[in-house]
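Data block below; observations after.
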Amino acid sequence: MSSLPSALTPRQRLVVALDVPTAREALAMAERLSGRVGMLKVGLELFCAEGPAFVKKLQTRVPVFLDLKLHDIPTTVRRALEAVLKLDPRLVNVHVQGGPAMLEAAVEAVRAHRAAGGCTELLGVTVLTSLDREALAALGHAGLPEDLALAYAKLAHQAGCDGVVCSAWEAAAIGETCGEGFHRLTPGIRPPGAAIQDQARVMTPAQALKQGATWLVVGRPITHAEDPAAAAEAIVAEMQQ
Ligand code: C5P
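FYI, in my numbering the residues of the sequence shown are 1443 to 1683.
Structure representation (structure tokens):
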């Protein structure tokens, strides 16, 4: 069911984060980016504000990555997934930190959905890029964020997830360990010379692809650009190099 990463075009690999508070702004941005990007990412802010009906509407225009990062006991996650899978988003995700049983419950829900004709793939969120070594130590994890991310990717792979959300800096090591067919979706992407803003460990689109990223999540470099369509085209062109 997983589409082979190598079969995706650079444009299909570009995922734009719709980090806006209203459906009106999100639909206006979707309109401006129509035909220029592979997927749009709806996060918690937009989903909490506008709900499933909005996602359903957006899905008629472009595939949606529903970035809800679910994390709860296995039954609750399975049932929440069953509810959002009715929208048939292209991608959903759960926190790997929820543990093997929670991951398996999520995989079960997504596989049942696909067996019934759905297209959704499931990603595990490894380590949030906002967590540095100090923050992990405060949470009781000794060691480097990249080592924990690799360990979490292995757990997600063993549980049957289709891939992970990770930093582009970990994408190559995860591919070596879990196989190149195991998707890696990488935020923290910045075109050469762009402002880094609050991201810490960034990579350019071309570098991230070289590391084996399946999809690149780009937000502000496109959505805050004067001409978002031109910014998206420039990133696709850089990916094609
Ligand atoms: O604007 P920018 O390109 O930094 O946006 C990146 C998007 O990816 C945001 O929606 C952010 O929440 C998300 N994200 C991230 N780092 C993660 C997971 C998700 O930046 N580890």
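A virtual CB, placed ideally from N, CA and C, is assigned to each residue, including glycine.
Next item on the list: Output the residue ranges of the alpha helix (DSSP H) runs that lie fully inside the segment 1532-1615 and measure 4 residues or longer, sorted by chain position.
Entry: DSSP runs (the alpha helix (DSSP H)) wholly in the segment 1532-1615: 1542-1557, 1575-1580 and 1587-1601.
Checklist line | Ile1664 vs Pro1647 beta-carbon contact at 7 angstroms | finding: Stepping through the sequence shown from its first residue, residue 1664 is reached at position 222. Stepping through the sequence shown from its first residue, residue 1647 is reached at position 205. Taking 7 angstroms as the Cβ cut-off, Ile1664 and Pro1647 do not qualify as a contacting pair.
Notebook entry, point to check: Any heavy atom of the ligand C5P closer than 6 angstroms to the CB of Ala1637?
Noted result: Reading the sequence shown from its first residue, position 195 is the one you call residue 1637. With a cutoff of 6 angstroms, Ala1637 does not count as near the ligand C5P, since its C-beta is closer than that to no heavy atom of the ligand.
Notebook entry, point to check: Is DSSP giving Thr1665 helix, strand or coil here?
Noted result: As a first step, residue 1665 must be located in the sequence shown, where it is residue number 223. Secondary structure at Thr1665: helix, using DSSP grouped into helix, strand and coil.
Notebook entry, point to check: Alpha carbon to alpha carbon, what distance is there between His1625 and Tyr1467?
Noted result: As a first step, residue 1467 is located in the sequence shown; it is residue number 25 there, counting from the start. As a first step, residue 1625 is located in the sequence shown; it is residue number 183 there, counting from the start. The displayed chain sequence assigns Glu, not Tyr, to residue 1467. Their Cα atoms are separated by approximately 30 angstroms.
Item checked: Burial state of Leu1460 (16 or more Cβ within 10 Å) -> In the sequence shown, the residue the question calls residue 1460 occupies position 18. With 16 or more other Cβ atoms within 10 Å, it is buried.
Notebook entry, point to check: So, is Met1443 buried or exposed, given that buried needs 16 or more other C-beta atoms within 10 angstroms?
Noted result: If you number the sequence shown from 1, residue 1443 lands on position 1. Because Met1443 carries a pLDDT of 43, less than 50, the predicted location of this residue cannot be relied on, and the following value inherits that uncertainty. Within 10 angstroms of the beta-carbon of Met1443 lie fewer than 16 other beta-carbons, which makes it exposed.
Notebook entry, point to check: Ordered along the chain, which non-local residues of its own chain (more than five positions away) have a Cβ less than 6 angstroms from that of Gly1617?
Noted result: Here residue 1617 is taken as the residue at index 175 of the sequence shown, counted from 1. The beta carbon of Gly1617 sits closer than 6 angstroms to those of Gly1654, all from its chain and outside the five residues before and after it, given in chain order.
Check: Could you give the residue range of the beta strand (DSSP E) that holds Leu1488?
Finding: Stepping through the sequence shown from its first residue, residue 1488 is reached at position 46. Premise fails: Leu1488 lies in the alpha helix (DSSP H), Leu1486 to Gln1501, not in any beta strand (DSSP E).
Item checked: Option nearest Leu1500 by Cα separation, candidates Met1471, Thr1518 and Tyr1594 -> By one-based count along the sequence shown, residue 1500 stands at place 58. Among Met1471, Thr1518 and Tyr1594, the Cα nearest to that of Leu1500 belongs to Met1471.
Item checked: Under the three-state DSSP convention, the category Leu1450 falls into -> Here residue 1450 corresponds to residue number 8 of the sequence shown, with the count starting at 1. In the structure shown, Leu1450 sits in coil (DSSP, three-state: anything other than H, G, I, E or B).
Checklist line | C-alpha gap between Gly1585 and Ala1579, whole angstroms | finding: Here residue 1585 corresponds to residue number 143 of the sequence shown, with the count starting at 1. Here residue 1579 corresponds to residue number 137 of the sequence shown, with the count starting at 1. Cα-Cα distance, rounded: 8 angstroms.
Notebook entry, point to check: Closest by CA to Val1526, which one among Ala1679, Lys1498 and Val1567?
Noted result: On the sequence shown, residue 1526 is found 84 positions in, with the first residue counted as 1. Comparing Cα-Cα distances from Val1526 to each of Ala1679, Lys1498 and Val1567, the minimum goes to Lys1498.
Check: What distance in whole Å lies between the Cβ atoms of Val1538 and Gly1566, which are believed to be in contact at a cut-off of 8 angstroms?
Finding: Taking the first residue of the sequence shown as 1, we reach residue 1566 at position 124. Taking the first residue of the sequence shown as 1, we reach residue 1538 at position 96. Between Gly1566 and Val1538 a beta carbon distance of about 4 angstroms is seen, short of the 8 angstroms cut, so the two are scored as contacting.
Check: How is the beta strand (DSSP E) around Val1458 delimited, first residue to last?
Finding: Locating residue 1458 in the sequence shown gives position 16, counting from the first residue. Its beta strand (DSSP E) spans residues Leu1456 to Ala1459.
Notebook entry, point to check: Sorted by chain position, which residues of the same chain lie with C-beta nearer than 7 angstroms to His1583's C-beta, five sequence neighbours on each side aside?
Noted result: Counting from one through the sequence shown, the residue named residue 1583 turns up at place 141. Leaving aside the five residues that flank His1583 on each side, the residues in its chain whose CB is nearer than 7 angstroms to its CB run, in chain order, Leu1590.
Item checked: Closer than 6 angstroms: Leu1586 CB and nearest the ligand C5P heavy atom -> Counting from one through the sequence shown, the residue named residue 1586 turns up at place 144. No - the ligand C5P has no heavy atom lying nearer than 6 angstroms to the Cβ of Leu1586.
Checklist line | DSSP state of Arg1632 mapped onto helix, strand, coil | finding: Within the sequence shown, residue 1632 is the residue found at index 190, counting from 1. It is coil, neither helix nor strand.
Note to self: I believe Met1481 touches Arg1532 by the beta-carbon criterion, under 8 angstroms. Please report the beta-carbon distance rounded to the nearest angstrom.
What the structure shows: Taking the sequence shown and counting its residues from 1, the one referred to as residue 1481 is at position 39. Taking the sequence shown and counting its residues from 1, the one referred to as residue 1532 is at position 90. Cβ-Cβ separation between Met1481 and Arg1532: approximately 6 angstroms, consistent with a contact (criterion under 8 angstroms).
Next item on the list: Starting from the Cα of Pro1670, find the closest Cα among Ser1476, Thr1451 and Gly1541 and give me that residue.
Entry: Your numbering for residue 1670 matches position 228 in the sequence shown. Nearest of Ser1476, Thr1451 and Gly1541 to Pro1670, Cα basis: Ser1476.
Check: Given a threshold of 16 other Cβ atoms within 10 Å of its Cβ, counted over all protein chains shown, does Ser1609 qualify as buried or as exposed?
Finding: For the purposes of this step, residue 1609 is identified with residue 167 of the sequence shown, where counting begins at 1. Looking at its Cβ environment, which holds 16 or more other Cβ atoms inside 10 Å, Ser1609 is buried.
Next item on the list: Would you decide whether His1599 is buried or exposed? Buried here means 16 or more other CB atoms lie within 10 Å of its CB.
Entry: Locating residue 1599 in the sequence shown gives position 157, where the first residue counts as 1. His1599 is classed as buried because its beta carbon has at least 16 other beta carbons within 10 Å across all chains shown.
Check: What did DSSP end up calling Leu1527 once you bin it into helix, strand or coil?
Finding: Sequence index remark: in the sequence shown, residue 1527 carries index 85 (1-based). Leu1527 falls in the helix class under three-state DSSP.
Check: Beta carbon of Gln1641: closer than 6 angstroms to some heavy atom of the ligand C5P?
Finding: Here the question's residue 1641 lines up with position 199 in the sequence shown. Yes, Cβ of Gln1641 sits closer than 6 angstroms to a heavy atom of the ligand C5P.
Check: Can you name the start and end residues of the alpha helix (DSSP H) that Val1660 belongs to?
Finding: For the purposes of this step, residue 1660 is identified with residue 218 of the sequence shown, where counting begins at 1. Here Val1660 belongs to no alpha helix (DSSP H); instead the beta strand (DSSP E) covers Trp1657 to Val1660.
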